[in-house]
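A short write-up of the structure that comes next.
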Amino acid sequence: MTITSEELIQGLDDLPSLPAVVMELLGSIDQEDIDISVLAKKVSADQALTAKTLRLANSSAFGLVKATTIQQAMTYLGFQSTRNLILAAAMTGCFPSGRCPSFDDKAFWRLSIATAACARVLARHMRFNQDVAFTAGLLHGIGRLVLVTRYPEQYDTVLRERKRLDGDLLDTEQAVLGVDHLLAGAALAEHWQFSGTMQQAIAFYHAPETPGAGFLATIVHVANAVAHALDLAGDADELVPSVSSVAWTALGLPEEVWLHVFRETELQFEEMTAILMA
Amino acid sequence: MSDDHAMVPVTQLEPGMVLSDELLDNNGLVLLAKGAVLSEATIASLQRHHIEAVPVARVEAHRAPDEQAVVARLDHLFRQHDLDDDHDWAAKLLRRYVEDYRLERQVAP
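The listed protein sequences correspond, in order, to chains A and B.
Residue numbers for the first sequence follow the working numbering, so the first one is 1 and each next one is one higher.
Residue numbers for the second sequence follow the working numbering, so the first one is 1001 and each next one is one higher.
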């Protein structure tokens, strides 16, 4: 079968829906005149989401001062950071699967959280926006969720075929479905009105040397490779993808800094998975 | 003071250390919860708060990594990479660094 990109985009409305307030947060990414107190109240109405967000906000990776309400977290951490934490807390609980037995959603989120943690650490070293890097790292593989939710049986074939060939996931997706998760992720990012930088990072994290891909794509590319190499997904068949020498050079970090990055990635990963995967 | 923790001066803290007790500021507000894992950022904040020493949990005896197992797993993770191929040098470096990290080798700055 071959899925056209038109079909893919039409089907995006069928995806398991996120809580209404999360959709509102996604839509507010480039808005400046947003009423924070109204949003904080709406998020607070969802107790599970609030609890998870606050635990994340109070984890050692983010805060030192203890926030006990969403409003406080927004005061201490700022609106942008808090919004990204709410998204992280909401996203990791969504997209239940089941019709695609080969898809391991635990391993998927573990890899996503590891990539997010590493992207955040790398961003700090590169003096890049850490919140944006964290969110891009967390959502870089979101296209896989689109495909597994929309086409569970066919995606099961993709995963079994990839395992049999021990080959590249993107190639197998293209061969079986006619689309890959980069296209699906970019379509969803556009549908959810992510910023242009975020859309580019999701579309080009596999090929960060593409002209116009942006530096965020470089960070996510390397963070993803590190997450695989540190073996954090907990997948016995783990495979390290190709590593772009252009992206590696662009970061320009010496070995002692890398060892530091690995250590901090693992520490943040442990703490965040304990909160997000609980 | 019990055996399971030690007061460590802020200047000697390292990322990854775990607080054995909650940490209060001068006003009695909780700065860090018991069990919090210290990061570079939190250590810097402690210095900004003029805190001198904090209670850190003692870790169990350190076990040396199993070199053979580490190398075998890395061989498996990087099985699709040709490490003799000069075009794949970034993957080669990543692998070497992860190996140094796992085997806790000392790296000269």
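Every residue, glycine too, gets a C-beta built ideally from N, C-alpha and C.
Predicted model, so just to flag it, every value in this text is computed and none were measured.
Selected residue, minimal CA-CA separation from residue i, among the options
i: glutamine 1080/B; options: Leu159/A, Asp166/A and Phe194/A; result: Asp166/A
i: arginine 83/A; options: Asp104/A, Lys42/A and Asp180/A; result: Lys42/A
i: leucine 1103/B; options: Asp1025/B, Ser1039/B, Ala1072/B and Asp1021/B; result: Ala1072/B
i: glycine 196/A; options: Leu49/A, Val132/A and Ala114/A; result: Val132/A
i: asparagine 1026/B; options: Ile1051/B, Glu1099/B and Asp1075/B; result: Ile1051/B
i: alanine 123/A; options: Gly137/A, Glu161/A, Val148/A and Ala48/A; result: Gly137/A
i: glutamate 264/A; options: Leu188/A, Pro254/A, Arg127/A and Val121/A; result: Val121/A
i: aspartate 1075/B; options: Arg1095/B, His1087/B and Ala1090/B; result: Arg1095/B
i: aspartate 1066/B; options: Tyr1101/B, Leu1029/B, Ala1006/B and Thr1011/B; result: Tyr1101/B
i: histidine 140/A; options: Gln130/A, Leu111/A and Val148/A; result: Leu111/A
i: threonine 4/A; options: His181/A, Arg164/A and Gln268/A; result: His181/A
i: phenylalanine 262/A; options: Cys118/A, Val65/A and Thr249/A; result: Cys118/A
i: glutamate 134/A; options: Thr115/A, Val148/A and Gly143/A; result: The residue asked about is misnamed: residue 134/A is phenylalanine in this sequence, not glutamate. Closest option to phenylalanine 134/A, Cα to Cα, is Thr115/A.
i: leucine 1046/B; options: Val1008/B, Arg1063/B, Val1059/B and His1062/B; result: Val1008/B
i: glutamine 80/A; options: Asn58/A, Lys163/A, Leu25/A and His125/A; result: Leu25/A
i: phenylalanine 269/A; options: Leu169/A, Ser60/A, Val148/A and Lys66/A; result: Ser60/A
i: methionine 23/A; options: His206/A, Phe194/A, Leu267/A and Trp258/A; result: Phe194/A
i: aspartate 104/A; options: Leu183/A, Thr149/A, His125/A and Phe128/A; result: Thr149/A
i: alanine 1006/B; options: Pro1055/B, Asp1088/B and Ala1033/B; result: Pro1055/B
i: arginine 279/A; options: Ala278/A, Leu253/A and Leu267/A; result: Nothing in the structure corresponds to residue 279/A, since chain A is present only between 1 and 278.
7 angstroms Cβ shell around residue i - same chain, five flanking residues per side excluded
i: alanine 107/A; result: Ala233, Gly234 and Asp235
i: phenylalanine 204/A; result: Thr210, Ala213 and Ala217
i: alanine 40/A; result: Ile70, Gln71 and Met74
i: glutamate 190/A; result: Gln199
i: valine 1107/B; result: Asp1100
i: leucine 1077/B; result: none
i: glycine 78/A; result: none
i: alanine 250/A; result: Thr218
i: aspartate 1004/B; result: Ser1020, Ala1057 and Arg1058
i: leucine 1031/B; result: Leu1023, Leu1024, Asp1025 and His1049
Residues of its chain near residue i, where Cβ-Cβ distance is below 8 angstroms and the 5 sequence neighbours each way are ignored
i: aspartate 46/A; result: Pro19 and Val21
i: leucine 56/A; result: Phe62, Leu85, Ala88, Ala89, Met272, Ile275 and Leu276
i: glutamate 153/A; result: Arg99 and Cys100
i: threonine 68/A; result: Leu54
Range covered by the alpha helix (DSSP H) that runs through residue i
i: alanine 184/A; result: 181-191
i: valine 1030/B; result: It is not in any alpha helix (DSSP H) - valine 1030/B instead sits in the beta strand (DSSP E) that spans 1030-1032.
i: methionine 277/A; result: Careful: methionine 277/A lies outside any alpha helix (DSSP H) and carries neither H nor E.
i: isoleucine 70/A; result: 70-77
i: asparagine 224/A; result: 215-229
i: arginine 55/A; result: 47-57
i: phenylalanine 204/A; result: 196-204
i: isoleucine 36/A; result: 36-44
i: histidine 1076/B; result: 1067-1077
i: threonine 92/A; result: Per DSSP, threonine 92/A belongs to no alpha helix (DSSP H) and is neither H nor E.
i: proline 152/A; result: 152-165
i: isoleucine 9/A; result: 5-10
i: glutamine 174/A; result: 169-177
i: alanine 1041/B; result: 1040-1048
Chain A residues whose Cβ lies nearer than 8 angstroms to that of residue i
i: proline 1109/B; result: Pro254 and Glu256
i: valine 1037/B; result: Ser60, Leu267, Glu270 and Glu271
i: alanine 1091/B; result: Ala225, Val240, Ser242 and Val243
i: proline 1015/B; result: Arg263, Glu264 and Leu267
Cut-off 6 angstroms between Cβ atoms - residues of its own chain near residue i, not counting five sequence neighbours on either side
i: phenylalanine 215/A; result: none
i: tryptophan 109/A; result: Thr92
i: valine 1018/B; result: Val1037 and Ala1057
i: valine 240/A; result: His228 and Ala229
i: aspartate 231/A; result: Glu238
i: arginine 1105/B; result: none
i: valine 243/A; result: Ala225
i: proline 208/A; result: Ala217, Thr218, His221, Ser244 and Ala247
i: serine 102/A; result: Asp156, Leu159 and Arg160
i: lysine 52/A; result: Ala89
i: glutamate 1043/B; result: Note that residue 1043/B is isoleucine in the sequence shown, not glutamate. Correct list, in chain order: Leu1013.
i: alanine 187/A; result: Leu8 and Ile9
i: threonine 172/A; result: Val158, Glu161 and Arg162
Limits of the beta strand (DSSP E) - the one that residue i falls within
i: histidine 1005/B; result: 1005-1009
i: alanine 1057/B; result: 1053-1057
8 angstroms Cβ cut-off: residues of chain B touching residue i
i: aspartate 231/A; result: Arg1073 and Leu1077
Residue i: CB within 7 angstroms of a non-hydrogen atom of the ligand ADP
i: valine 1107/B; result: Summarising the ligand content, the structure contains no ligands, and the ligand ADP is consequently not present.
Where residue i meets chain B, residues with beta-carbon distance less than 7 angstroms
i: leucine 165/A; result: Under the 7 angstroms cutoff, chain B gives no residues; its nearest Cβ is about 11 angstroms from leucine 165/A.
i: leucine 259/A; result: Tyr1097, Asp1100, Tyr1101 and Val1107
Beta-carbon neighbours of residue i, restricted to chain A and to distances below 9 angstroms
i: glutamine 1047/B; result: Under the 9 angstroms cutoff, chain A gives no residues; its nearest Cβ is about 11 angstroms from glutamine 1047/B.
i: histidine 1081/B; result: Val240, Ser242 and Val243
i: leucine 1094/B; result: Val222, Ala225, Val226, Ala229, Val240, Val243, Trp248 and Trp258
Contact list for residue i against chain A, beta-carbon separation under 7 angstroms
i: valine 1030/B; result: Lys66
| task | Report the residue ranges of all alpha helix (DSSP H) runs contained in full by the region 98-146 of chain A; include only those spanning at least 4 residues, in chain order. | result | 105-126 and 130-139
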